[in-house]
Structure formats: C-alpha cells, structure tokens
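Q:
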Amino acid sequence: MAYQPSVKQQEASGHADAPGSAPRSSVPDIPGVPAPDKVQWDLREHVARLCGLRDARFPGAQPVSFEKRTIEDLINEDFWVCEKSDGQRVLVFIVINPTTGRQEVFLINRKNEYKRVDNIYFPSPPGAHLAQANNTLLDGELVWDTEKSGRRVLRLLLFDALIVQDDNIMQKGLGRRYGRLRTLVFEPFFNYMVKHPEAVAAAPFEIKVKPMDLSYHIEHVLNNRIPQLKHGNDGLIFTCWNSNYKTGTDPKILKWKPPSENSVDFKLRLRFPPDACGKVPDLTAKPFFQLDQWMGGRGGGPGGSYQYFDWTDVSDPEWEEMKASGLQYDDAVVECVWVNGGEREVDGMTGEETVRPPRWVIKRIRDDKRDGNHASIVKAILKSIVDGVEAEELIEAVPQIRAAWKSQLRTDFREGRIGPEAVAEGGHDPVIGPIRGGPGPPMREGGSIPSLIRR
C-alpha cells in the first residue's frame with residue numbers, strides 16, 4: 001500500500017530523475033539539511049532518553065552474518081524474512097519543536113548525524129491527544145526505485161518502530177512493533193497524503209512499509225519478490241518474531257547473502273613507496289593497498305584504534321580508474337568481497353598475460369559509515385564466507401522450518417498460552433544438510449607490512 005503521485009508531481013518534488021538528468025549512484029544520498037551542532041547534541045540526548053540508553057550512540061540494530069548453524073535458529077524460533085535492499089539505512093525521528101510547536105522530521109544515518117527533511121508530515125492516529133505525531137522513532141532505508149520508463153524514484157521503506165507517540169515499544173516483539181508501525185504511523189500518514197495531493201507534490205520522497213513474510217516462505221521471497229523489485233537487492237534479512245529491539249549488534253537479526261557476496265568493511269590505507277631520497281612518499285607511484293580492521297574506540301580519533309588485517313591486489317588499470325574517479329580512497333571505509341582469483345588479464349602495452357591472485361575486491365566506498373567493521377564482526381563475516389549457506393541449502397531447510405513453525409507448541413506460544421521456557425524445552429532436531437565449502441582459501445590476517453610511507 002502506497003500513495004501514488006503522478007510523474008509530474010514526482011519530478012516537481014525532486015524525488016525522481018528528471019528527463020536528461022545526470023546518472024546518480026545506486027545508493028541514495030540522504031536528503032535534508034544537517035542540523036546545527038548544538039541541535040545535533042540535543043536531539044541525540046533526547047533520542048537516547050526516549051530509548052532508555054545510557055549514552056547518545058546510534059540507536060539502530062545491526063544484524064549478524066549467516067552461517068550453516070544459523071539454519072537451526074530458523075527451525076528453533078519463529079522468524080520473519082524480507083529482502084535486504086541495496087540502499088541507505090536511516091532512522092526517522094518525528095518530534096515537535098518545543099519552541100515553534102511545529103513538527104520536524106529528521107533522518108539519522110549510521111554516523112548518528114541528523115538531517116532535517118521538510119515537506120513531510122505525520123499526523124497522529126485517531127484518538128490521540130495531539131493532532132500531529134511526536135516523539136516517534138522508526139527504522140528504514142532509502143532506495144532508488146527504477147520504474148519501467150527508466151526513471152528513478154526515491155523511496156523510504158519502513159520496516160520497524162522503536163518509539164511511537166512517546167511510547168517505547170523496543171521491549172515488544174517484532175510482530176507488535178510492525179503492527180503499530182502500520183496502524184499507528186503509516187495508515188494515518190497514507191490517509192493524509194491521499195487527501196492532500198499538494199503534500200505529495202512537495203514531499204522529498206515516497207514512503208512505503210516493507211513487506212514481511214514468514215520464514216518458511218524463503219523460496220517465494222527469492223523467486224518472486226526479489227525479481228520484481230525496482231531497486232537493488234543485497235540478500236535476505238531474518239528477524240525473530242518475538243524478540244525485542246536491541247540497539248547495536250542483535251543476534252536475533254540474521255543477514256543472509258550467498259557466500260561469494262558476503263562483504264567486509266575495512267579502512268583502506270594507501271602506503272606509497274619512498275622517493276629517491278627516501279624521506280617523503282612518491283605520490284606518483286602505485287601504492288600498497290592496506291586493509292585495516294577496527295579494534296574499537298571512536299573512529300580514528302582519541303581512543304580509536306585500527307589494526308592491519310590484510311592487503312588487496314589492485315591492477316594497474318584498476319589503479320588508473322581509481323585515480324580518474326576523483327574519489328578519496330585513502331582513509332576511506334571500503335566494502336570488500338573475497339574472490340578466488342584465476343582471472344586472466346592481458347597487458348595492453350606488452351601483451352603479457354597474467355593470472356589474478358585470490359584477493360579482496362573493493363566494491364564501493366562506505367561514506368555512510370565512520371568506521372569499518374570491528375575485529376569481532378570481521379571474524380564472524382569471514383566464518384560466514386568460509387562456512388556460508390547457498391540459496392539451495394536455505395530452500396532445502398524449508399520443510400523443517402515450516403513444520404516447526406506450525407507445531408502445536410509454537411502455536412500455543414504465539415497465542416500466549418505458554419511461555420518461552422516451554423518452547424525451549426520442546427526443541428527440534430537440528431537441520432542436517434549437505435556441507436558445502438566456502439568460496440576459497442582462508443583470508444590472511446596480520447603478517448608483515450612492506451616498508452612504505454603513509455600519504
């Protein structure tokens with residue numbers, strides 16, 4: 001369910017590509033005006049109080065990587081599944097400004113930075129004591145949807161709620177949170193937009209609620225929902241139906257990708273060889289591409305710590321492309337995937353043929369993140385690469401997942417007749433399936449670093 005603005009309305013509002021416009025990244029930039037520093041701090045502290053947090057960190061939940069033993073989690077507990085969009089993760093904070101009495105809407109990125117977006121209005125649900133929504137925190141992602149005409153439309157896909165009208169619902173299960181998102185937030189918003197076409201024309205993006213399916217509908221999501229998407233896909237997300245919302249890494253949110261597509265976010269350091277004098281880096285030379293893992297602390301500043309993990313092989317043509325792009329790669333957080341190598345390349349100048357080694361491949365710069373993955377997360381992702389699960393293995397487990405979901409024990413639990421302890425005592429046999437290898441040899445960790453100079 002979504003309101004449908006016309007093509008002219010979308011182009012006039014700026015949340016669609018106008019004819020002849022320049023191509024943009026597949027991952028949207030976050031629209032809006034950055035809040036002033038003092039306002040940022042006030043908003044962070046206010047959100048932290050609403051969420052019951054001890055510090056003003058980013059309150060969003062983060063998934064864990066999927067591995068073979070994770071299939072047992074899908075059998076032993078009730079999960080919902082949805083596609084993992086290739087977009088920009090944001091939290092949406094709706095608050096009434098105490099000075100002006102007017103509602104303001106902010107988008108929060110993973111760096112915990114707030115941007116105010118204008119021309120978006122959320123009314124209160126029927127029966128509320130205020131006409132406009134207040135102190136509401138939602139979880140979602142921005143995506144570029146490509147229509148059949150080739151035009152791209154910016155959309156916000158909502159999938160969870162933390163706070164609704166001052167009510168902290170983080171301790172409730174996903175089923176209840178998702179229900180309140182739809183009935184108390186989205187439905188009043190949808191009805192308002194239908195009645196006010198001028199608001200549709202002015203809105204910076206469209207808003208939808210992301211559809212969720214029961215976990216045993218994996219095959220339907222893979223074979224029907226994903227092929228029909230208008231935006232890029234980055235795997236699947238499984239979320240435990242009855243678990244609460246947990247800030248930070250949540251073991252009840254599972255991120256699945258084919259093993260060959262699992263990625264790690266590293267800090268990239270360019271280390272150049274010394275010049276002829278041996279005192280300064282030779283910036284005309286090709287550097288050593290060092291990948292560091294985050295050890296904790298505040299990103300590179302006081303208390304921040306990075307440790308050398310590995311390096312990546314970048315060919316001469318790839319290096320020329322990196323330089324020509326104008327992007328800042330040194331000290332950037334980069335998303336990398338591991339490939340087995342073996343590709344044959346021919347040097348355009350000499351005609352010499354070379355075989356590429358196993359290596360990390362840089363997919364994109366993650367400018368939405370202040371830090372790369374923590375060492376503990378890197379370790380978990382590497383395990384999911386080596387001990388990963390293919391789509392066929394997920395589908396093979398569906399009969400056991402379905403049987404467990406529909407068991408009398410779990411039905412009684414969902415309907416409130418028994419508690420979680422009784423479900424845990426019931427248990428289920430672990431899934432037994434074919435063991436398939438990961439994508440290649442283990443990745444390097446640590447080791448010596450060439451005697452090079454940081455830029």
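Quick note: the sequence shown, position 261, residue 261 per full-length UniProt numbering, numbers continuous.
Glycine is no exception: its CB is placed at the ideal position from the N, C-alpha and C atoms.
Going along the chain, which residues of its own chain have a beta-carbon closer than 6 Å to the beta-carbon of Arg366, five neighbours each way excluded?
A: Reading the sequence shown from its first residue, position 366 is the one you call residue 366. Excluding positions up to five away in sequence, the list reads Asp265, Val333, Glu335.
Q: Counting only the same chain and skipping the five closest in sequence on each side, list residues whose C-beta sits under 6 Å from that of Pro430.
A: As a first step, residue 430 is located in the sequence shown; it is residue number 430 there, counting from the start. With a pLDDT of 36 at Pro430, under the threshold of 50, the modelled position of that residue is not reliable, and the figure given next carries that caveat. Result list for Pro430: Glu72, in chain order.
Q: Apart from the five residues just before and just after Ala128, which ones in its own chain have a Cβ nearer than 8 Å to its Cβ?
A: For the purposes of this step, residue 128 is taken as residue 128 along the sequence shown, with counting starting at 1. The residues are Gln165.
Q: So which of Gly32, Tyr178, Leu91, Arg116 has the shortest CA-CA distance to Arg102?
A: Counting from one through the sequence shown, the residue named residue 102 turns up at place 102. Arg102 has its Cα closest to that of Arg116, out of Gly32, Tyr178, Leu91, Arg116.
Q: Using only the alpha-carbon positions, how far apart do Arg57 and Leu91 sit?
A: Numbered from its first residue, the sequence shown carries residue 57 at position 57. Numbered from its first residue, the sequence shown carries residue 91 at position 91. Going by the C-alpha atoms only, they are around 13 Å apart.
Q: Using only the alpha-carbon positions, how far apart do Glu141 and Phe106 sit?
A: Residue mapping note: residue 141 aligns to position 141 of the sequence shown, counting from 1. Residue mapping note: residue 106 aligns to position 106 of the sequence shown, counting from 1. Using only the alpha carbons, I get a separation of about 13 Å.
Q: Could you compute how far the alpha carbon of Glu261 sits from the alpha carbon of Val337?
A: The sequence position of residue 261 within the sequence shown is 261, counting from 1. The sequence position of residue 337 within the sequence shown is 337, counting from 1. If you take the alpha carbons of Glu261 and Val337, they lie about 6 Å apart.
Q: Taking 9 Å as the cut-off, decide whether the C-beta atoms of Leu158 and Ile226 are in contact.
A: As a working mapping, residue 158 is identified with position 158 in the sequence shown. As a working mapping, residue 226 is identified with position 226 in the sequence shown. Not in contact: Leu158 and Ile226 (Cβ atoms no closer than 9 Å).
Q: Using DSSP with H/G/I as helix, E/B as strand and the rest coil, what is Ser384?
A: Against the sequence shown, residue 384 aligns to sequence position 384. It is helical.
Q: In its own chain, which residues sit with a C-beta less than 7 Å from the C-beta of Val33, not counting the 5 before and 5 after it?
A: Along the sequence shown, one-based indexing puts residue 33 at 33. Excluding positions up to five away in sequence, the list reads Lys115, Arg116.
Q: Quickly, what does DSSP pair Pro274 with across the bridge? List them, please.
A: For the purposes of this step, residue 274 is taken as the residue at position 274 of the sequence shown. Per DSSP, Pro281.
Q: Under a three-way DSSP split, which group does Gln400 fall into?
A: The residue you call residue 400 lines up with position 400 of the sequence shown. DSSP places Gln400 in helix when its eight states are reduced to three.
Q: How far does the alpha helix (DSSP H) with Thr100 in it extend, from its first residue to its last?
A: Start at 1 with the first residue of the sequence shown, and residue 100 comes out as number 100. Where Thr100 is concerned, there is no enclosing alpha helix (DSSP H), given that its DSSP letter is neither H nor E.
Q: Once the 5 residues before and after Glu343 are set aside, which same chain residues still bring their CB inside 6 Å of it?
A: Within the sequence shown, the letter at position 343 stands for residue 343. Hits under 6 Å: Arg356.
Q: Please state whether the Cβ-Cβ distance between Asp368 and Arg89 is less than 9 Å.
A: The residue you call residue 368 lines up with position 368 of the sequence shown. The residue you call residue 89 lines up with position 89 of the sequence shown. In this structure, Arg89 lies closer than 9 Å to Asp368 by Cβ.
Q: Going by Cα to Cα distance, which pick from Cys240, Pro399, Pro125, Pro317 is closest to Leu254?
A: Walking along the sequence shown from the start, residue 254 turns up at place 254. Nearest option by C-alpha distance: Cys240.
Q: Compare the C-alpha of Phe413 against each of Gly60, Asn135, Leu222, Ser243 and name the closest.
A: Stepping through the sequence shown from its first residue, residue 413 is reached at position 413. Looking from the CA of Phe413, the closest CA among Gly60, Asn135, Leu222, Ser243 belongs to Ser243.
Q: Does the structure place the stretch 122-136 close enough to the stretch 176-195 that three or more beta carbon pairs sit under 8 Å?
A: yes
Q: Identify which residue in Arg269, Lys279, Arg49 has its Cα closest to the Cα of Met170.
A: Looking up residue 170 in the sequence shown gives position 170. It is Arg49 whose Cα lies nearest to the Cα of Met170.
Q: Buried or exposed for Arg44, going by 16 or more other Cβ atoms inside 10 Å?
A: On the sequence shown, position 44 is the one that residue 44 refers to. By the 10 Å Cβ count, Arg44 comes out buried.
Q: Spell out whether any CB of chain C is found under 9 Å from the CB atom of Arg370.
A: Looking for chain C here will not work: only one protein chain is present.
Q: Since I believe Lys68 is in contact with Asp387 (beta carbons under 8 Å), could you give me their beta-carbon distance rounded to a whole number of angstroms?
A: Position 387 of the sequence shown, counted from the first residue, corresponds to residue 387. Position 68 of the sequence shown, counted from the first residue, corresponds to residue 68. Sure, about 5 Å apart at Cβ, within 8 Å.
Q: So Val361 packs on Ile218, CB below 8 Å; how close in whole Å?
A: Stepping through the sequence shown from its first residue, residue 361 is reached at position 361. Stepping through the sequence shown from its first residue, residue 218 is reached at position 218. Not really, about 28 Å apart at Cβ, beyond 8 Å.
Q: Keeping to the same chain, check which residues put their C-beta closer than 7 Å to that of Leu222; ignore five residues upstream and five downstream.
A: On the sequence shown, residue 222 is found 222 positions in, with the first residue counted as 1. Excluding sequence neighbours, Leu222 sits near Ala391.
Q: Could you work out which residue in Lys379, Met295, Leu74 is closest to Val398 when comparing CA atoms only?
A: Within the sequence shown, numbered from 1, the residue matching residue 398 stands at position 398. Checking every option, the nearest Cα to that of Val398 belongs to Leu74.
Q: Roughly how many angstroms separate the alpha carbons of Gly326 and Glu318, rounded to a whole number?
A: Taking the first residue of the sequence shown as position 1, residue 326 is located at position 326. Taking the first residue of the sequence shown as position 1, residue 318 is located at position 318. Taking the straight line from one Cα to the other gives about 13 Å.
Q: Ser451 to Pro273, Cα distance in whole Å?
A: As a working note, residue 451 is residue 451 in the sequence shown. As a working note, residue 273 is residue 273 in the sequence shown. Unreliable positioning characterises Ser451 in this predicted model, as indicated by a pLDDT of 46, which lies under 50. The coordinate reading is nonetheless provided below. Going from the Cα of Ser451 to the Cα of Pro273 covers about 8 Å.
Q: Just the C-alpha distance for Ser21 and Glu113, rounded to the nearest angstrom, thanks.
A: The count along the sequence shown starts at 1 and reaches residue 21 at position 21. The count along the sequence shown starts at 1 and reaches residue 113 at position 113. With a pLDDT of 41 at Ser21, under the threshold of 50, the modelled position of this residue cannot be trusted, and the question is left open.
Q: Under a three-way DSSP split, which group does Met212 fall into?
A: Indexing the sequence shown from 1 puts residue 212 at position 212. Reduced to three states, the DSSP call for Met212 is coil.
Q: So if DSSP puts His374 in a beta bridge, which residue, or which two residues, is it bridged to?
A: Along the sequence shown, read from residue 1 onward, the residue named residue 374 stands at position 374. Trp294.
Q: Pull the bridge partners of Pro34 from the DSSP assignment, please.
A: Along the sequence shown, one-based indexing puts residue 34 at 34. Note: Pro34 sits in a beta bridge opposite Lys115.
Q: For Ala276, is the classification buried or exposed, using 16 other Cβ atoms within 10 angstroms of its Cβ as the cut-off for buried?
A: The sequence position of residue 276 within the sequence shown is 276, counting from 1. So Ala276 counts as exposed.
Q: Report the rounded CA-to-CA distance for Ile94 versus Gly175, giving the unit in angstroms.
A: Here residue 94 corresponds to residue number 94 of the sequence shown, with the count starting at 1. Here residue 175 corresponds to residue number 175 of the sequence shown, with the count starting at 1. Computed Cα separation, rounded: 22 Å.
Q: Reducing DSSP to helix, strand and coil, say where Arg151 ends up.
A: By 1-based counting over the sequence shown, the position of residue 151 is 151. Coil.
Q: How about Ala161: is its Cβ closer than 8 Å to a heavy atom in the ligand ZN?
A: With respect to the ligand ZN, the structure shown offers nothing to examine, as it has no ligands at all.
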